[in-house]
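S.K.:
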Amino acid sequence: HQCYADGRSFSQAFGAWMASLFSEHGLVLYDAFSAGLKEHIADAYELAVRKREEIVHALRQRSNQLQKAGLAPQVQVTDEESLLFLFEGQRRFKLSSVDGGFQAKEKGAREFSEEDLIALCRRNPEALGPNVLLRPILQDLLFPTVAYVAGPAETAYFAQISAIAPLWQVTPTVFPRVGITIIDAKVKRLFAKYQIGVRDLLGSTPEQTVHRLAEDSTAGDLIRKFEELQAEVERQTRQIGEELLPLDPGIAQLLKNSEAKMLYQIRKVRDRFIRNYALHSSDLARHVNFLHHCLYPEQTLQERVINFNHFLILQGPRVIDEILQSIQPFCKEHQILYVSAS
1251 HQCYADGRSF SQAFGAWMAS LFSEHGLVLY DAFSAGLKEH IADAYELAVR KREEIVHALR
1311 QRSNQLQKAG LAPQVQVTDE ESLLFLFEGQ RRFKLSSVDG GFQAKEKGAR EFSEEDLIAL
1371 CRRNPEALGP NVLLRPILQD LLFPTVAYVA GPAETAYFAQ ISAIAPLWQV TPTVFPRVGI
1431 TIIDAKVKRL FAKYQIGVRD LLGSTPEQTV HRLAEDSTAG DLIRKFEELQ AEVERQTRQI
1491 GEELLPLDPG IAQLLKNSEA KMLYQIRKVR DRFIRNYALH SSDLARHVNF LHHCLYPEQT
1551 LQERVINFNH FLILQGPRVI DEILQSIQPF CKEHQILYVS AS
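Numbering (the working numbering), first residue to last: 1251 to 1592.
In structure tokens, the structure reads:
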């Protein structure tokens, strides 16, 4: 409530929230609309305006290179690209190059000549803002950067950014951030109960996990008998088919078609049995769904779906120290972090 107080903008509230969580850990926050660095921002924007055509050409070339390599560019760059937005109040409007000038199309087609836009850069750079390709370059200009710690999506942007960054005499160095999955005490207890781990969930659906666990339960013998039945049907029909083929090819083909139908029905009965077993074993289905929701939500990594505030609410502020103490920043592998609270 203190951070998201009345009268604060969303960015101000978010900054206050981050400062309250991480100020003791050396996190520095900077308001892009602070007045102290106006001249540097103006220089960067002016170069974007004056060298717009060269910038677009370099970006289009890089997009072609990425596509030839089988990669999709993160940003589709058109001939009208400017890298800039126009701000008015809390709204922003994309600036596009039109007939040698610039136009904010969403704002009643407001137009600027190149010199008018440069004058605005000098007079009031806060009225403009960088797009996703220019923003990291601006950051490097304002704050000399040893390395930019980036997630997978950000790293993909730098494949395009690196094509134009030398125009501003910056050379971004990207360092991949760690990837983590957080495991709390409840998840750890369920892992022990079912003798499974994170790897057993990744790449699987809850149904597939239930299937594997059912095979290891009291139902396992029955499930294996279904599989033995399938194998026996395949063996017998193959043997009979080989004997039939020289005598009656048509009947041999009919048998082959019937085999596919029989195997389908056996699998259908087996899968129905497994579903019913999971329903009657309510804890199993509920626990598996819980584990997938916690660790592999929506069939993707936890860090791509679940917001950090989820863990902060459940574990309390001390979870920050636990995570920071456990992370290995130079480890390239995905890391599994255990937190003690539940």
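Using N, Cα and C, we set each Cβ at its ideal position, and we do this for glycine too.
What number of angstroms, rounded off, separates the C-alpha of A1502 from the C-alpha of K1518?
M.R.: 25 angstroms
S.K.: Drop a sphere of 10 angstroms on the beta-carbon of T1455, count the other beta-carbons inside from all chains shown, and report buried for 16 or more, exposed for fewer.
M.R.: exposed
S.K.: With burial defined as no fewer than 16 other Cβ atoms inside 10 Å of the residue's Cβ, what is the status of S1592: buried or exposed?
M.R.: In this prediction, S1592 scores a pLDDT of 49, lower than 50, which makes its location untrustworthy; no coordinate-derived value is stated.
S.K.: Between the Cα of L1417 and those of L1297, Q1252, R1554 and R1449, spot the shortest distance and give me the residue it belongs to.
M.R.: L1297
S.K.: CB A1354 to CB L1345, shorter than 8 angstroms?
M.R.: yes
S.K.: By the 10 Å Cβ neighbour count, where 16 or more other Cβ atoms means buried, how is L1541 classified, buried or exposed?
M.R.: Buried, because 16 or more other Cβ atoms sit within 10 Å of the Cβ of L1541.
S.K.: Output the distance between the C-alpha atoms of Y1514 and H1461, rounded to the nearest integer angstrom.
M.R.: 17 angstroms
S.K.: Assign V1306 to buried or exposed, taking buried as 16 or more other Cβ atoms, counted over all protein chains shown, within 10 Å of its Cβ.
M.R.: Classification for V1306: buried.
S.K.: Taking the alpha-carbon positions, what's the L1451 to K1506 distance?
M.R.: It is roughly 36 angstroms from the alpha-carbon of L1451 to the alpha-carbon of K1506.
S.K.: Could you have a look at R1568 and say whether DSSP puts it in helix, strand or coil?
M.R.: helix
S.K.: Measuring CB to CB, does A1397 end up less than 8 angstroms from F1352?
M.R.: Judged by their CB atoms, A1397 and F1352 are not nearer to each other than the 8 angstroms cut-off.
S.K.: Identify the continuous beta strand (DSSP E) that holds P1416 and give its terminal residues.
M.R.: Premise fails: P1416 is in no beta strand (DSSP E) and is neither H nor E.
S.K.: In three-state DSSP terms, what is S1592?
M.R.: For S1592, the predicted structure reports a pLDDT of 49, less than 50, and the residue's modelled location is therefore unreliable. A value from the coordinates is still provided. Of the three classes helix, strand and coil, the one that applies to S1592 here is coil, per DSSP.
S.K.: Determine the burial state of S1270: buried for a count of at least 16 other Cβ atoms within 10 Å of its Cβ, exposed for fewer.
M.R.: Its Cβ having fewer than 16 others within 10 Å, S1270 is exposed.
S.K.: Write down the C-beta distance between I1586 and T1431 rounded to the nearest angstrom, noting that I regard them as a contact closer than 8 angstroms.
M.R.: 5 angstroms
S.K.: Relative to the C-alpha of E1289, which residue among C1371, S1273, Q1445 and T1423 is closest?
M.R.: C1371
S.K.: Per DSSP, I1432 is paired with what?
M.R.: L1587
S.K.: If you draw a straight line from the C-alpha of Q1516 to the C-alpha of P1496, how long is it?
M.R.: Note that residue 1516 corresponds to Ile in the displayed sequence, not to Gln. Answer to the nearest angstrom: the Cα atoms are 29 angstroms apart.
S.K.: Pair every Cβ in the segment 1405-1412 with every Cβ in the segment 1319-1334, then say whether three or more of these pairs are closer than 8 angstroms.
M.R.: yes
S.K.: Are S1590 and A1435 touching if we call contact CB-CB under 8 angstroms?
M.R.: yes
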